[in-house]
Amino acid sequence: MSTSADQVARLLALIPYVQARPGITLTEAAAAFSISERQLMADLWIAFMCGLPGGLPGDLIEVDMDAAEGEGVIRLANAEILSRPLRLVPHEVATLRLALQVVREVAAPESYAAIDSASAKLATMSWEDAPPAVVSIVTGDEGVRQSLVDALSNGRRVRLTYDRGARGDTTEPVVDPASLVVREGYAYLEAWSLERDGWRSYRLDRIVAVRETGEATAMHGVPPKRGDWLADSTGPDVTLRVSANARWIIEYYPVAHTDGDLVTLRVGDPAWLRQLVLRLGDEAEVVAPVEAQDDAVRAAREALAQYAAWTLDS
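All letters in the sequence shown, in the order written, are residues 93 to 406 by our numbering.
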């Protein structure tokens, strides 16, 4: 739902945009601002009643509403006052420069010149003597980023050489890359894993090499936001006490909280938790809730019983 503040901000951009494009259609303008044609008509009716103080005919913005409603074409005049560039306030300049730093950290080297040029122009608009804020993001090798950007641009499937960090092994997953994102100071590749048949996140600083397979990527939809993966979960969070060798789970699974050797996981499926606890063995202990402790004990006993039965049969 569009609020009044949203509408005012949109009109300040919409009016000069339309005035610079005489005869633009409702469909084209609505698509440019990612709004419906119905919302655009509502905006034009507001613009029709706006202008300079005084409210006389010559003071108001002229919008041909008959043409908009009858022909689907926007004709607008007498709005030159809004054609002047908007002036950014200091905190907006700082926010944009920080955003550009984030983009630079995950962009391919070929984009550095354009990003640095935009940042330099923004720097001339700062009215404060304080040094600019600096953002630090772990992104890995520039050559890897360039290869991923090329694959994303060309829609090509790739094979990664991926170092799994604390787990101490290296894999070579074949993936369809979808996007590069930043979360909590780390850059990730969001990609569809052909082996896992699902979306996976790969930390850029752990991608050692990228090789195109010669195949085009397939359609898999849009990768879910990390926070949305367990949005529908009704199960309780589960706290584990983990050893140093098991802390790799923090990087691979949705974590609600960490405190020393305690890790609280978001658990959507109790069966998944049982598998994880059995996999970790004596490297992890379920601390809370009690129900999860009991479930882990039962799963361990069942596994031991099955192993004993298999040994006797052998």
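Think of the CB as a built atom: it goes at the ideal place given N, C-alpha and C, for glycine as much as any other residue.
In this structure, does DSSP put residue i in helix, strand or coil?
i, result
"residue 261", "coil"
"residue 355", "strand"
"residue 231", "coil"
"residue 345", "coil"
"residue 120", "helix"
"residue 180", "coil"
"residue 329", "coil"
"residue 187", "helix"
"residue 270", "strand"
"residue 366", "helix"
"residue 196", "helix"
"residue 249", "strand"
"residue 275", "strand"
"residue 222", "Low local confidence applies: a pLDDT of 47 at residue 222 is under 50, so the model's placement there is unreliable, and no value is given."
Less than 8 Å between the beta carbons of residue i and residue j, yes or no?
i, j, result
"residue 302", "residue 252", "yes"
"residue 236", "residue 299", "yes"
"residue 119", "residue 165", "no"
"residue 387", "residue 362", "yes"
"residue 238", "residue 200", "yes"
"residue 296", "residue 247", "no"
"residue 332", "residue 376", "yes"
"residue 266", "residue 240", "no"
"residue 316", "residue 291", "yes"
Can you give me the start and stop residues for the alpha helix (DSSP H) that residue i sits inside?
i, result
"residue 209", "204-215"
"residue 375", "Here residue 375 belongs to no alpha helix (DSSP H), and DSSP marks it neither H nor E."
"residue 162", "157-162"
To the nearest whole angstrom, what separates the beta carbons of residue i and residue j, a pair I think is in contact under 8 Å?
i, j, result
"residue 355", "residue 334", "5 Å"
"residue 294", "residue 280", "6 Å"
"residue 103", "residue 135", "6 Å"
"residue 401", "residue 370", "Incorrect: roughly 16 Å between the Cβ atoms, too far for contact."
"residue 264", "residue 271", "Incorrect: roughly 21 Å between the Cβ atoms, too far for contact."
"residue 372", "residue 348", "18 Å between Cβ atoms; not a contact."
From residue i to residue j, what distance separates their C-alpha atoms?
i, j, result
"residue 114", "residue 156", "11 Å"
"residue 328", "residue 378", "13 Å"
"residue 184", "residue 341", "37 Å"
"residue 357", "residue 162", "57 Å"
"residue 215", "residue 189", "8 Å"
"residue 160", "residue 192", "38 Å"
"residue 127", "residue 140", "19 Å"
"residue 99", "residue 269", "36 Å"
"residue 365", "residue 121", "50 Å"
"residue 213", "residue 107", "25 Å"
"residue 169", "residue 187", "33 Å"
"residue 314", "residue 273", "13 Å"
"residue 322", "residue 249", "In this predicted model, residue 322 has a pLDDT of only 48, less than 50, meaning its place in the structure is not dependable; the value taken from the coordinates is given anyway. Going from the Cα of residue 322 to the Cα of residue 249 covers about 28 Å."
"residue 109", "residue 380", "57 Å"
"residue 171", "residue 130", "22 Å"
"residue 132", "residue 307", "42 Å"
"residue 289", "residue 311", "12 Å"
"residue 158", "residue 101", "25 Å"
"residue 256", "residue 234", "19 Å"
"residue 440", "residue 368", "Nothing can be reported for residue 440: it is not among the residues displayed for the chain, which extend from 93 to 406."
"residue 320", "residue 204", "Bear in mind that a pLDDT of 46 at residue 320, under 50, signals an unreliable position, so the number given afterwards is only what the model happens to contain. The straight-line gap from Cα to Cα measures roughly 32 Å."
How is the beta strand (DSSP E) around residue i delimited, first residue to last?
i, result
"residue 411", "No answer is possible for residue 411: the residues shown for the chain start at 93 and end at 406."
"residue 256", "Taken as a continuous stretch (DSSP letters only), residue 256 belongs to no beta strand (DSSP E), as it is neither H nor E."
"residue 282", "278-285"
"residue 291", "290-295"
"residue 172", "Looking at the DSSP string, residue 172 is not in any beta strand (DSSP E), and its letter there is neither H nor E."
"residue 316", "Element bounds for residue 316: n/a, residue is neither H nor E."
"residue 299", "299-308"
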